[in-house]
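**Q** Each protein sequence line maps, in turn, to chains B and Z. Taking my numbering, the leading residue of the first sequence gets -10, the next gets one more, and so forth. Taking my numbering, the leading residue of the second sequence gets 25, the next gets one more, and so forth. Glycine included, every Cβ here is placed at the ideal spot set by N, Cα and C. Okay, here's the structure, questions in a sec.
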Amino acid sequence: MEEMNTILVWIKDSVITEEILIFMLFIPIIATLVNISRYIIGFKTFGIYAPMTLAFAYVFTGIRFGLLVTAAVIISSLISYSLLKQIRMHYLSRITINYIFITFILLGMLILNELSPWSITTDHHQIATVPPLGIILIAALSDFFVKEYVKKDFLTTIRSLIETVIIGVIGWFLLQSQNLQQFLVQNIWIHIPILLLNLFIGQYKELRFKDFFRFKKISND
Amino acid sequence: MINTNQYKTILGLNRRNQEYIRPYNPLSSKKISDNKILTKRLLSKADIKTPKTIKIIRTKKQLAFFDWESLPKSFVVKPNRGTGGNGIIVFYGKKKGETAWIRSNHRVMNKEQLRIHFEKILDGSFSMGDSKDIVIIEERILNHSTLKKYSFRGVPDIRLIIFNKVPVMAMIRFPTKISDGKANLHAGGICAGVNIATGVTTNAIQLKKSSVLENTYTNVEYTTDFQENLPLKDIQIPYWDKILETAIRCQEISNIGFLGVDIAIDENNGPLVFELNARPGLGIQMANNMGLRPRLERLKGIEPLSTKRAIRLAKTLFGGEIEECMQFLSGKQVLGLVEKVTIHYNQNNSLKPNKSKNKSQTVKALLDTGIVTSRIDEGLANRMGYEKATDYFKSLDIPPYFENIEEAKKFAKELKVNSEISRPAVIVESAKVKVKPAIQIDIQITGETRQIEAIVSTQKDTIYPLLLGRKELKDCLIDPSKTFVK
């Protein structure tokens, strides 16, 4: 254990910053969270990457501003998808136009937020200080949303979206916890039980939590 | 609080994937089911009918030179690698004097709109993964007259789950006004469970409410969209045995061990397979109002059967409603050749059993119509507190066997016995005529407790410790092909 701490100190001093180390140690935690939410609870998120990206993005943007950007991205995706539905064009052209919509709707929302008396930004997260990477990461959600919406019906897509955002928010909650950050850095061995937990989930055959609601009718009858 | 015991029969997605899809559906077979063109080709080679293909468009170049006038009045457009019915459009007619076709919802799609849809399919918008796809244009199935009156502007499809070459569960999906001609349950179609043995519908359900949180379903008894709505129960699906046979053959050909087969019935061509599914959904359990797990467990590890035997096995194992029908018609219970019977400890015995488990014992009993009075093994009778009676009878001066039945009957008539014994009875055991004690025992069968007379014998000729004779079987019908019906 002592040796492990020595290695960690060396990594922090010589290889990467503590912030990057914390982020790296959190990747398996957030991925495990998505794994649990899929196979134990039954959440159908947009894959593993989307909720993970959201969790990290919300750390950059702050949760309230992050959720506002998420809402803007979804609304603009819906509008652009509905408008472009009838126009013949290549898939990537459609997605690009979608991003143009997102950019300007987002910009409009940011201006409105700044001018409005009900501004949601706080002292900690003024828009001017928000790293653009956070906004770009959230904007990427549009890609996942449109891809799903083309193949599935509206409600199914919205369900997946809500579940993705829920996992993103839980991930953000874990990520910004100072205690958990310190715990992970000081107890890197925790990733071994996490690995075992994922192996267990990989073998899990029982009903998912949502299945109990889905099949409630058979059970009652 | 959720009572998990109630859900033990239900097959969830986790178990479906781990226990059935991964071990039984090899990757090569999944490639077949995910590719409609390949599926059609394989099934056609094996003389299994599928909807006739009119055109296939593989590239945008082919689409640019497509002859729109060559399309018939009615046809179906589908993506080759589509999922969940996405991208499928059914056209019922052509608009007079125009290059435009009419959909099931009466909307008209012209050449340009259709070209956009084709391009979307070619771009892979409706397909698994992000790869490019192929447009399939095929003939529209003509609804069978029996099922037409239940479906609103669309063709009902029959979904069967086949496991280890045996049909396990079936349902039929009817399109409705809400579902816009589609037969999918989540789109608002009506799903009815189908009895595997008879091909008759049982329970029907429909989407009640679709919310962001969850979908809820409700039982429906009648069709919903007609002037005169018909009951959805007891619809006899035409060509049922042919459908079962076709579904089993689909599994043989595709090598998909846990398979969903979608079949529609064409008025002229009979059952047509239009899709194989290597990841069949689990909504079929709701339509049948029962879980898949017990049925699948029974079929694990069975040797491959011939198609006819597989159908017979499916009907025997999963056609529970035949018994209900027989019971209803005859007023008699249907029992198997061997049933589990609980024998209660002799209440007149002053020596009470030491362990609670000996207060009653459940044994396998043979329902033997060849004897009049029931028989009980001597060892079992002693364990259940009748040892006093058997010991007393042994103490009497009775010859071990008699020359003939008449002699034994005469002896038994003159023999005086105490109240432990109901009467001395004459039986033939190991080809010898003997006089044995008959006693009154309390048994429980089909949930009902009753007192019966049983002759105590050594039961050397049978493996069953209890034989139930004709006296106890007056109110039953016996199905010799079954055991443990109750």
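Z:Gln357 to Z:Ile56, Cα distance in whole Å?
**A** Computed Cα separation, rounded: 46 Å.
**Q** Give the list of continuous alpha helix (DSSP H) stretches no shorter than 4 residues that lie fully inside the region 256 to 302 of chain Z.
**A** 264 to 278, all fully within the region 256 to 302 of chain Z.
**Q** Looking only at C-alpha atoms, which of Z:Ala216, Z:Arg82, Z:Arg319, Z:Ala221 sits nearest to Z:Ile512?
**A** In the structure as shown, chain Z starts at 25 and stops at 510, and residue 512 of chain Z therefore has no counterpart that could be examined.
**Q** Give the interface partners of B:Pro132 over in chain Z, defined as CB-CB distance under 7 Å, in chain order.
**A** The question names Pro, yet the displayed sequence has Asp at residue 132 of chain B. Going along chain Z, no residue has its Cβ under 7 Å from B:Asp132, so there is no contact; the nearest lies around 11 Å.
**Q** Give the secondary structure of B:Met98 by DSSP, where H, G and I count as helix, E and B as strand, and everything else as coil.
**A** It is helical.
**Q** Checking contacts by CB at 8 Å: is Z:Cys215 closer than that to chain B?
**A** Output row for Z:Cys215: interface = no.
**Q** Note down, in chain order, all residues in the region 178 to 208 of chain B with a beta-carbon under 8 Å from any beta-carbon belonging to chain Z.
**A** The residues in question are Gln192, Tyr193, Lys194, Glu195, Leu196, Arg197, Lys199, Asp200, Phe201, Phe202, Arg203, Phe204, Lys206, Ile207, Ser208.
**Q** Please list, in chain order, the chain B residues whose beta carbon lies closer than 8 Å to that of Z:Ser149.
**A** Chain B residues near Z:Ser149: Tyr80, Val139, Lys140.
**Q** From this set, Z:Glu163, Z:Lys97, Z:Met310, which residue's C-alpha is nearest Z:Asn293's C-alpha?
**A** The shortest Cα separation from Z:Asn293 among Z:Glu163, Z:Lys97, Z:Met310 belongs to Z:Glu163.
**Q** For Z:Glu299, count neighbouring C-beta atoms within 10 Å of its own C-beta (all shown protein chains included) and say buried if the count is 16 or more, exposed if not.
**A** Answer is buried; the Cβ neighbour count reaches 16.
**Q** Can you give me the C-alpha to C-alpha distance between Z:Lys484 and Z:Ile400, rounded to a whole angstrom?
**A** For Z:Lys484 and Z:Ile400, the distance between alpha carbons rounds to 11 Å.
**Q** Assign Z:Val114 to one of three DSSP states: helix, strand, or coil.
**A** Here Z:Val114 sits in strand by DSSP.
**Q** Got a sec? Which residues, its chain only, sit under 7 Å from Z:Leu166 by beta carbon, not counting five neighbours each side?
**A** Here the set comprises Asp290, Glu291, Asn292.
**Q** Tell whether a beta-carbon distance below 8 Å holds between Z:Gln230 and Z:Val244.
**A** Against a cut-off of 8 Å, the Cβ pair of Z:Val244 and Z:Gln230 comes out as a contact.
**Q** Determine the closest residue to B:Leu241 out of B:Glu152, B:Gln170, B:Asn187, with distance taken between C-alpha atoms.
**A** The structure shown does not extend to residue 241 of chain B, since chain B is modelled only from -10 through 210, so no value can be given for it.
**Q** Give me the residue from B:Ile63, B:Gly160, B:Leu10 with the minimum Cα distance to B:Asp132.
**A** Nearest C-alpha to B:Asp132: B:Ile63.
**Q** Spell out a yes or no on whether the region 45 to 60 of chain Z and the region 110 to 119 of chain Z are touching, meaning 3 or more CB-CB pairs, one atom from each, closer than 8 Å.
**A** No, the region 45 to 60 of chain Z is not in contact with the region 110 to 119 of chain Z.
**Q** Alpha helix (DSSP H) containing Z:Lys54: first to last residue?
**A** Run containing Z:Lys54: 51 to 57, per the alpha helix (DSSP H) assignment.
**Q** Hey, out of Z:Pro47, Z:Ala221, Z:Thr123, whose CA is closest to Z:Gly343's CA?
**A** If we check each option's Cα against that of Z:Gly343, Z:Ala221 comes out closest.
**Q** Quick one, are the C-beta atoms of Z:Pro191 and Z:Ala288 less than 8 Å apart?
**A** No, the pair does not count as a contact, with Cβ atoms beyond the cut-off.
**Q** May I have the straight-line CA-CA distance separating Z:Ser155 from Z:Arg65, to the nearest angstrom?
**A** Between Z:Ser155 and Z:Arg65, the C-alpha separation is close to 21 Å.
**Q** If we ignore side chains and look at the alpha-carbon of each, how far apart do Z:Ile34 and Z:Val179 end up?
**A** Roughly 29 Å between the two C-alpha positions.
**Q** Reducing DSSP to helix, strand and coil, say where Z:Thr33 ends up.
**A** Z:Thr33: coil per DSSP, three-state reduction.
**Q** So is Z:Glu363 in contact with chain B if we call contact Cβ pairs under 8 Å?
**A** False, the Cβ-Cβ gap to chain B never drops below 8 Å.
**Q** Name the chain B residues that come within less than 7 Å of Z:Asn110, Cβ to Cβ?
**A** Chain B residues near Z:Asn110: Lys140.
**Q** What does B:Tyr28 reach in chain Z if we use C-beta pairs closer than 8 Å?
**A** In chain order: Asn38.
**Q** Taking the alpha helix (DSSP H) that Z:Arg399 falls in, what are its first and last residues?
**A** Where Z:Arg399 is concerned, there is no enclosing alpha helix (DSSP H), although the beta strand (DSSP E) it sits in stretches over 398 to 401.
**Q** Z:Asn372: buried (16+ other C-beta within 10 angstroms of its C-beta) or exposed?
**A** That one is exposed.
**Q** What does the alpha-carbon distance come out to for the pair B:Tyr80 and B:Phe143?
**A** Whole-angstrom Cα-Cα distance: 19 Å.
**Q** With 16 other CB atoms within 10 Å as the buried threshold, where does B:Val139 fall?
**A** With 16 or more other Cβ atoms within 10 Å, it is buried.
**Q** Please check if any C-beta of chain B sits within less than 8 Å of the C-beta of Z:Tyr44.
**A** Not an interface residue.
**Q** So the alpha helix (DSSP H) B:Gln165 belongs to, where does it begin and stop?
**A** No alpha helix (DSSP H) contains B:Gln165, which DSSP labels as neither H nor E.
**Q** Looking at chain B, is there any beta carbon in it that lies within less than 8 Å of the beta carbon of Z:Tyr48?
**A** No, no contact with chain B.
**Q** Checking the sheet assignment: what are the DSSP bridge partners for Z:Tyr9?
**A** Not covered by the structure: residue 9 of chain Z. The range shown for chain Z is 25 to 510.
**Q** If distances are taken between C-alpha atoms only, which option among B:Gly191, B:Lys74, B:Phe45, B:Ile91 comes closest to B:Met162?
**A** Checking the sequence shown, residue 162 of chain B turns out to be Phe, not Met. B:Phe162 has its Cα closest to that of B:Phe45, out of B:Gly191, B:Lys74, B:Phe45, B:Ile91.
**Q** The alpha helix (DSSP H) that contains Z:Ser419, what's its start and end?
**A** 411 to 419 is the span of the alpha helix (DSSP H), which, as asked, contains Z:Ser419.
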